[in-house]
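K.L.:
Below is one structure. I have some questions about it.
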Amino acid sequence: MTFEQLGLSKALLKAIKEQGYETPTPIQEKAIPVILEKKDILAGAQTGTGKTAGFTLPLLELLSRAKPTKGKHKIKALILTPTRELASQVHESVELYGKHLPFKSTVIFGGVKINPQIATLRKGMDIVVATPGRLLDHIAQKTIDLSGVEFLILDEADRMLDMGFINDIKKVLAILPEQKQTLLFSATYSDDIKKLSNKLLKAPTLIEVARANTSSEIVKQAIYHVDKTRKRELLTQLIKDGKWKQVLVFTRTKHGANRLAGQLDKDGITAAAIHGNKSQNARTKALADFKKGDVRVLVATDIAARGIDIDQLPHVVNYELPNVSEDYVHRIGRTGRAGNAGEAISLVCVDEDEFLANIEKLIKKDIPKVWLKGFKPDPSIKAEPINMGGNRGARNKPRGGGHNGNQRGSRGRR
Ligand code: AMP
Numbered sequence: 018m019t020f021e022q023l024g025l026s027k028a029l030l031k032a033i034k035e036q037g038y039e040t041p042t043p044i045q046e047k048a049i050p051v052i053l054e055k056k057d058i059l060a061g062a063q064t065g066t067g068k069t070a071g072f073t074l075p076l077l078e079l080l081s082r083a084k085p086t087k088g089k090h091k092i093k094a095l096i097l098t099p100t101r102e103l104a105s106q107v108h109e110s111v112e113l114y115g116k117h118l119p120f121k122s123t124v125i126f127g128g129v130k131i132n133p134q135i136a137t138l139r140k141g142m143d144i145v146v147a148t149p150g151r152l153l154d155h156i157a158q159k160t161i162d163l164s165g166v167e168f169l170i171l172d173e174a175d176r177m178l179d180m181g182f183i184n185d186i187k188k189v190l191a192i193l194p195e196q197k198q199t200l201l202f203s204a205t206y207s208d209d210i211k212k213l214s215n216k217l218l219k220a221p222t223l224i225e226v227a228r229a230n231t232s233s234e235i236v237k238q239a240i241y242h243v244d245k246t247r248k249r250e251l252l253t254q255l256i257k258d259g260k261w262k263q264v265l266v267f268t269r270t271k272h273g274a275n276r277l278a279g280q281l282d283k284d285g286i287t288a289a290a291i292h293g294n295k296s297q298n299a300r301t302k303a304l305a306d307f308k309k310g311d312v313r314v315l316v317a318t319d320i321a322a323r324g325i326d327i328d329q330l331p332h333v334v335n336y337e338l339p340n341v342s343e344d345y346v347h348r349i350g351r352t353g354r355a356g357n358a359g360e361a362i363s364l365v366c367v368d369e370d371e372f373l374a375n376i377e378k379l380i381k382k383d384i385p386k387v388w389l390k391g392f393k394p395d396p397s398i399k400a401e402p403i404n405m406g407g408n409r410g411a412r413n414k415p416r417g418g419g420h421n422g423n424q425r426g427s428r429g430r431r
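When the letters of the sequence shown are read in order and numbered with our numbering, they come out as residues 18 to 431.
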């Protein structure tokens, strides 16, 4: 299957070629023809499968096939994402694939000034990528007109629900035109997703690539058993011995992320932390420095890392295992993308044995275990309760709050 066979026009094929993509990924092969037939879809696809191009390309194609409308320039496509990072990255993809097309697009999210967004919206946009909270601010202030929306895309819908955005989403849906094409992407099919899709989608085509909750086959996974107090030493050694140049490291808490980044810096390994307490500018800068190679290690919490898109990220380290098993799948999905082999290493101490058992149950396989010489765990150390940084049990109890950011709900506190 080639991109030409999918029925995409020249301007898009040119942009695809410039990106160096040779063949469509499985999700693109399945989703693009169905979307081009103007059908609603419910797609189960994780980050790393090429899903962004899977909806962006046919969206741009359909927009370019449409006859120009007379009268006021209205927003035709709305893409909702759970986090600012993902919104930015989806917008980057829209710009990238649409660079030989005349459409105007913008991204709106909280944590930054609203006025420049208002000014941009006034210019007349075709495509808007947004996080739900800030979008509602614009709706409330009447600084956005969504009455011409023909395409609605919900990206990482499961994560939006996890973050407590359901009411925000409902409010947005209520003001959108009834007649539109809706595409819903979700890594998992929970009952809540089924409920949302029943409400939202009209006779949707189901599209699934790798089975949800299955960790990617091309990611080499390993567990390094180690005592909690020696994790940093082991990480430093792995990075130095392996001469790793770009490592994404996950911690459970914001505090843990800060502390580890500071300690790695002291060990002579450049590191930056990103999490929900950092300003948007600080997060963008840390990510840019990491992508450029100025920072070797990016330490992130699950929420901040959500949607980070870095090509061919070779190493992901779980400095601490996540308490929510699905997060493991999302974390390791940051490596081994679109056909590139990646390595996901987890440093596991005795306190985390239960988390590990739950993860292996979820992914339905045993992860190979490694005991590194000099780092064998001390068998006399007994398991202790894990400090969740105030998050324990909070996952399903999202908190309310204003609409100024998108970092709400329990996950937003990490
Ligand atoms: P996504 O799942 O949308 O986050 O995409 C994962 C990565 O795959 C991104 O870095 C894309 O640039 C890349 N990608 C998307 N489509 C293709 C393709 N057809 N061939 C190679 N890489 C791709």
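The beta carbon of each residue, even a glycine, is placed where N, CA and C say it ideally should be.
Would you kindly check if the distance between the Cβ of T19 and the Cβ of T40 is under 9 Å?
P.N.:
For this step, residue 40 is matched to residue 23 along the sequence shown. For this step, residue 19 is matched to residue 2 along the sequence shown. Yes, the Cβ-Cβ distance between T40 and T19 is below 9 Å.
K.L.:
Looking at the secondary structure, which residues open and close the alpha helix (DSSP H) in which K248 lies?
P.N.:
Locating residue 248 in the sequence shown gives position 231, counting from the first residue. Element bounds for K248: 248-259.
K.L.:
Look at the alpha carbon of I349 and the alpha carbon of S342, and state the distance between them as a whole number of angstroms.
P.N.:
Counted from its first residue, the sequence shown places residue 349 at position 332. Counted from its first residue, the sequence shown places residue 342 at position 325. Rounded to whole angstroms, I349 to S342 spans 11 Å at the Cα level.
K.L.:
Does DSSP put F392 in a helix, a strand or coil?
P.N.:
Locating residue 392 in the sequence shown gives position 375, where the first residue counts as 1. Coil.
K.L.:
Less than 8 Å separating the Cβ of Q45 from some heavy atom of ligand 1?
P.N.:
In the sequence shown, residue 45 corresponds to position 28, counting from 1. Yes, ligand 1 has a heavy atom inside 8 Å of this Cβ.
K.L.:
Should P396 be labelled buried (16 or more other beta-carbon atoms within 10 Å of its own) or exposed?
P.N.:
Here residue 396 refers to the residue found at position 379 of the sequence shown. Exposed, since its Cβ has fewer than 16 Cβ neighbours within 10 Å.
K.L.:
Spatial neighbours of A253 within its chain, please: CB distance less than 8 Å, with the 5 preceding and 5 following residues excluded, ordered by chain position.
P.N.:
Translated into positions along the sequence shown, residue 253 becomes position 236. One point to set straight first is that residue 253 is Thr, not Ala, in the sequence displayed. Contacts found: L281, D284, I286.
K.L.:
Can you have a look at R409 and say buried or exposed, based on whether 16 or more other CB atoms are within 10 angstroms of its CB?
P.N.:
For the purposes of this step, residue 409 is taken as residue 392 along the sequence shown, with counting starting at 1. Any reading at R409 must be qualified, since the residue scores a pLDDT of 36, below 50, and its modelled position is unreliable; no value is offered.
K.L.:
Assuming G65 and I44 form a contact by the criterion Cβ under 8 Å, report the distance between their Cβ atoms to the nearest whole angstrom.
P.N.:
As a working note, residue 65 is residue 48 in the sequence shown. As a working note, residue 44 is residue 27 in the sequence shown. Wrong, their Cβ atoms sit about 10 Å apart, outside the cutoff.
K.L.:
Rounded to whole angstroms, how far is the Cβ of I224 from the Cβ of V367, which I believe are closer than 8 Å?
P.N.:
Taking the first residue of the sequence shown as position 1, residue 224 is located at position 207. Taking the first residue of the sequence shown as position 1, residue 367 is located at position 350. Actually they are not in contact, since the Cβ atoms of I224 and V367 sit about 42 Å apart, beyond 8 Å.
K.L.:
For the alpha helix (DSSP H) containing A274, list its first residue and its last residue.
P.N.:
Within the sequence shown, numbered from 1, the residue matching residue 274 stands at position 257. Run containing A274: 271-283, per the alpha helix (DSSP H) assignment.
K.L.:
Assuming the contact rule is C-beta atoms closer than 8 Å, T98 and D172 should be a hit. Round their C-beta distance to whole Å, please.
P.N.:
Indexing the sequence shown from 1 puts residue 98 at position 81. Indexing the sequence shown from 1 puts residue 172 at position 155. That belief holds up - the Cβ atoms of T98 and D172 are roughly 5 Å apart, short of 8 Å.
K.L.:
Between which two residues does the alpha helix (DSSP H) harbouring L304 extend?
P.N.:
Sequence index remark: in the sequence shown, residue 304 carries index 287 (1-based). First-last of the alpha helix (DSSP H) with L304: 297-309.
K.L.:
Just the Cα atoms here: how many angstroms apart are L80 and T137?
P.N.:
For the purposes of this step, residue 80 is identified with residue 63 of the sequence shown, where counting begins at 1. For the purposes of this step, residue 137 is identified with residue 120 of the sequence shown, where counting begins at 1. The straight-line gap from Cα to Cα measures roughly 20 Å.
K.L.:
Less than 8 Å between the CB of P41 and some heavy atom of ligand 1, yes or no?
P.N.:
Here the question's residue 41 lines up with position 24 in the sequence shown. Correct: P41 has its Cβ closer than 8 Å to ligand 1.
K.L.:
Measuring only the C-alpha atoms, how far is Q297 from F126?
P.N.:
For the purposes of this step, residue 297 is taken as residue 280 along the sequence shown, with counting starting at 1. For the purposes of this step, residue 126 is taken as residue 109 along the sequence shown, with counting starting at 1. When rounded, the distance between both Cα atoms is 10 Å.
K.L.:
With DSSP collapsed to three states, give me the class of S26.
P.N.:
In the sequence shown, counting from the first residue as 1, residue 26 sits at position 9. Residue state, collapsed to three classes: coil.
K.L.:
Closest to L364 by C-alpha separation, out of K89, P221, Y114, N335, would be which residue?
P.N.:
Counted from its first residue, the sequence shown places residue 364 at position 347. The shortest Cα separation from L364 among K89, P221, Y114, N335 belongs to N335.
K.L.:
Any contact of the segment 256-265 with the segment 299-314, i.e. 3+ C-beta pairs under 8 Å?
P.N.:
Flag = yes, the segment 256-265 and the segment 299-314 touch.
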